[in-house]
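Just remember that our numbering sits 242 ahead of the position in the sequence shown, which is counted from 1.
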Amino acid sequence: MALKKGPTKGSGGKHRNKLRGKGPTPKAEDRVYHKAYREKKAADRRKMSDPRLAARRRATKFVSDSTDLVIGRNAVLEALKVGVPSSQLYIATRLEHDDRTRDIVRMAGAQGLHLLEADRLEMDRIARSGNHQGVILKVNPYEYYSLQDLAERADKKSRAMEAANSTAARIAAKPLFIALDGVTDPQNLGAVIRSAAAFGANGIILPERRSASVTAAAWKVSAGAAAHLPVARVVNLTKAIEGLKERGYYVVGLDGGGDKLVGETGFETDPLVVVLGSEGKGLSRLVRESCDAIAGIPISNSVESLNASVAAGISLYAVANARRKVGEQAE
């Protein structure tokens, strides 16, 4: 039988997948059956067991987990004295001890902190500096309150004093908050916390953005008052103020151009929020518009403005003094 002449039939795409190939050849170190793969694994194990690299990994984890570090002998000693909440104390190996380091170790042990020893490389990486003097303290993150918790605590205290026979005691127990608008210095915040605790304020209100936080620096300046005075952080300070006004609070803003004097606004014996702005810009426009009164502190013309913490102390004293005078008159 004669074969029919003509072109040979193709596959018609039937075996097209086989023609595509399997891509580029993997590297020798990525092929599990190859000698180079076993050599790479052995090199990785040697690298992981290197004590200096292990120290680097521990230091990286330490820094990433911490929100605040206190570095240096004097700073760590002061932090432990005022009771800054902490979890770990790192001490350099072969450290030459003096009276400060002996006190640090003693107080850290008494407070139940984890004492960890590290070499120079690890200490440098934790502190991100070589100027740590062989001592680093890891501080716990501050636990903020919600604004609702602050208001409920203040209202509860005020209601409890309503049964008191003394009018002065009932007036003194009226809720009082300090709100900070744009104060970014932690030391100023610490000083405000200390003054607020001294004059019986019920708490501090901070905005989440463009504001100082309760760090170790603020805690130290507060001389331990941060352990007793609650601090709340709010997303929007203006809305927080409006919410407090709906609960019956009055709001007095401090500003050099105020039309009244601090302590003489007429709202001192009511539930009150005193708002302080930054030293340079003062109160923001929206916060200023939400205030029921703007009060000023009489100062010399040679001084443009007062530090926020100084202004807070003066205004809190003025409020406390006004409440005391009204209470004495009512007795």
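C-beta atoms are modelled at their ideal positions from N, C-alpha and C, and glycine is treated no differently. As the structure is a prediction and not an experimental result, all values here were calculated from the model.
R475 carries a strand assignment under DSSP once its states are collapsed to helix, strand and coil. In this structure, DSSP gives K523 a state outside helix and strand, which the three-state scheme calls coil.
Separation of D310 and Y332 (C-alpha to C-alpha, rounded to the nearest whole angstrom) is 14 angstroms. Looking at the backbone, the Cα of L431 and that of E570 are separated by about 32 angstroms. By the criterion of at least three beta-carbon pairs nearer than 8 angstroms, the stretch 386 to 401 is in contact with the stretch 440 to 449. Sequence-distant Cβ neighbours of L503 in its own chain, meaning closer than 7 angstroms and more than five residues away, are A537, G538 and P540. For P428, the uninterrupted alpha helix (DSSP H) run begins and ends at P428 to A440, by DSSP.
For the options G314, G490 and L392, the alpha carbon positioned closest to that of H374 is the one of G314.
The beta carbon of I378 is closer than 8 angstroms to those of L311, V312, I313, V318, L331, Y332, M365, I368 and A369 in its chain, skipping five residues each way along the sequence. Excluding its 5 nearest sequence neighbours in each direction, L418 has C-beta neighbours in its own chain below 6 angstroms: A443, N444 and L514, listed in chain order. In the displayed model, I556 falls within a helix according to three-state DSSP. Residue state for G508 is assigned as coil, using DSSP reduced to three classes.
DSSP, reduced to helix, strand and coil, places E359 within a strand of the structure shown. Scanning its chain for C-beta atoms nearer than 6 angstroms, with the 5 sequence neighbours on each side dropped, one finds around A550 the residues V425, N430, L518 and E521, in chain order.
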